[in-house]
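Participant: There's a structure below that I have some questions on.
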Amino acid sequence: MDDNAEIRSVSLHRTDSRRSARTVGIGMSSNSTLAIIPARGGSKGIRRKNIRELAGRPLIAYTIDAAKASDPVNRVIVSTDDEEIGKVAAAAGAEVPFMRPAELARDETPTEPVLTHALTELDEEFDQFILLQPTSPLRTAEHVTEAIRKYEQSDATSLLSVHQSKNYRWQYTEEGATQINFDGNRSRRQEKQPEFAENGAIYMTDV
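In short: position in the sequence shown from 1, add 1, done, that's the numbering used here.
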């Protein structure tokens with residue numbers, strides 16, 4: 002995450018009684034938080050990317066470090082279908098309490114059933130979980146802690162990290178290049194309302 006990255010809470014539903022009672026004092030949490038790190042073995046863009054070395058360490062190790070060093074996180078698990086990734090993750094300090102089934106590790110598999118599988122496989126219940134993808138190695142323990150604190154001190158039902166941008170965006174189709182977020186009257190960049198794009202570093206919601 003860089004200087005333009007932010008943590009934003011997104012309220013998707015009205016708050017309920019359980020949500021209103023989740024914060025106890027400043028910097029204290031009454032909730033248990035599970036960190037889930039999904040890391041399948043069959044990545045196609047960059048083969049074996051989750052355990053490729055970055056600055057002398059496996060990529061996934063940076064995310065495990067960030068999760069384990071965040072005080073509000075109670076447990077850190079890796080969901081993988083790959084034994085080698087599981088061994089690397091365990092050596093880095095994460096739990097690998099189960100192996101993800103092959104049908105949940107395909108190219109077209111969405112994240113939601115992977116998370117559901119992880120939650121149902123565990124022998125422990127949690128109030129909330131935070132999803133941390135290995136492909137955001139610059140995300141720190143401070144970012145994780147900030148996200149959890151903001152989430153618990155809000156009425157939002159989910160939270161995600163974003164990148165702020167005031168850039169003019171285009172798309173290219175068969176008809177040619179067309180504007181996406183402006184009508185051709187280009188205001189000064191300083192006057193343009195910022196947009197926020199998901200950066201994939203942090204997602205959080207209730208269990």
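Using N, Cα and C, we set each Cβ at its ideal position, and we do this for glycine too.
How should residue 82 be labelled, buried or exposed, when 16 other C-beta atoms within 10 angstroms of its C-beta is the threshold for buried?
Facilitator: For the purposes of this step, residue 82 is taken as the residue at position 81 of the sequence shown. So residue 82 counts as buried.
Participant: Taking three-plus beta-carbon pairs below 8 Å as touching, is the segment 197-206 in contact with the segment 169-188?
Facilitator: They do not touch, by the three-pair rule.
Participant: Please classify residue 183 as buried or exposed, where buried requires at least 16 other C-beta atoms within 10 Å of its C-beta.
Facilitator: In the sequence shown, counting from the first residue as 1, residue 183 sits at position 182. Residue 183 is exposed by the Cβ-count criterion.
Participant: Closest by CA to residue 101, which one among 116, 53 and 61?
Facilitator: As a first step, residue 101 must be located in the sequence shown, where it is residue number 100. For the residues 116, 53 and 61, the minimum Cα distance to residue 101 belongs to 116.
Participant: Quick one: grab the DSSP three-state call for residue 28.
Facilitator: Position 27 of the sequence shown, counted from the start, is the residue given in the question as residue 28. For residue 28, the predicted model reports a pLDDT of 45, less than 50, meaning its position is unreliable; a value from the coordinates is still stated below. Note: residue 28 maps to coil in three-state DSSP.
Participant: Identify the continuous beta strand (DSSP E) that holds residue 126 and give its terminal residues.
Facilitator: The residue labelled residue 126 in the question sits at position 125 within the sequence shown. Looking at the DSSP string, residue 126 is not in any beta strand (DSSP E), and its letter there is neither H nor E.
Participant: What's the C-alpha gap between residue 179 and residue 125?
Facilitator: On the sequence shown, position 178 is the one that residue 179 refers to. On the sequence shown, position 124 is the one that residue 125 refers to. Distance between the alpha carbons of residue 179 and residue 125 is about 50 Å.
Participant: Can you list, in chain order, the residues of its chain with a C-beta nearer than 8 Å to that of residue 55? Leave out the 5 residues immediately preceding and following it.
Facilitator: The residue given as residue 55 occupies position 54 in the sequence shown. Around residue 55: 63 and 138.
Participant: Between the beta-carbon of residue 210 and the beta-carbon of residue 80, is there less than 7 Å?
Facilitator: The requested residue 210 does not occur in the structure, where the chain is confined to residues 2 to 208.
Participant: Closest to residue 90 by C-alpha separation, out of 111, 103, 61 and 68, would be which residue?
Facilitator: Taking the first residue of the sequence shown as 1, we reach residue 90 at position 89. The shortest Cα separation from residue 90 among 111, 103, 61 and 68 belongs to 61.
Participant: Mind checking which residues open and close the beta strand (DSSP E) that includes residue 87?
Facilitator: The residue you call residue 87 lines up with position 86 of the sequence shown. Not the beta strand (DSSP E): residue 87 falls in the alpha helix (DSSP H), residues 84-92.
Participant: Going by CA-CA distance only, name the one from 40, 193 and 194 that's closest to residue 111.
Facilitator: Start at 1 with the first residue of the sequence shown, and residue 111 comes out as number 110. Measuring from the Cα of residue 111, the nearest candidate turns out to be 40.
Participant: Looking at residue 1: is its Cβ nearer than 7 Å to the Cβ of residue 78?
Facilitator: As shown, the chain starts at 2 and ends at 208. That puts residue 1 outside it, with no answer to give.
Participant: Return helix, strand or coil for residue 160, following the three-state DSSP convention.
Facilitator: Taking the first residue of the sequence shown as 1, we reach residue 160 at position 159. If DSSP states are grouped into helix, strand and coil, residue 160 belongs with the strands.
Participant: Tell me the rounded alpha-carbon separation between residue 23 and residue 160.
Facilitator: On the sequence shown, residue 23 is found 22 positions in, with the first residue counted as 1. On the sequence shown, residue 160 is found 159 positions in, with the first residue counted as 1. In this prediction, residue 23 scores a pLDDT of 45, lower than 50, which makes its location untrustworthy; the coordinate-derived value is nonetheless stated afterwards. Distance between the alpha carbons of residue 23 and residue 160 is about 15 Å.
Participant: DSSP has residue 39 in a bridge; who is on the other side?
Facilitator: Taking the first residue of the sequence shown as position 1, residue 39 is located at position 38. Bridge partners of residue 39: 80.
Participant: If distances are taken between C-alpha atoms only, which option among 140, 164 and 88 comes closest to residue 199?
Facilitator: In the sequence shown, the residue the question calls residue 199 occupies position 198. Nearest option by C-alpha distance: 164.
Participant: Would you mind sorting residue 187 into buried or exposed? The rule is 16 or more other CB atoms within 10 Å of its CB.
Facilitator: Here residue 187 is taken as the residue at index 186 of the sequence shown, counted from 1. Exposed, because fewer than 16 other Cβ atoms sit within 10 Å of the Cβ of residue 187.
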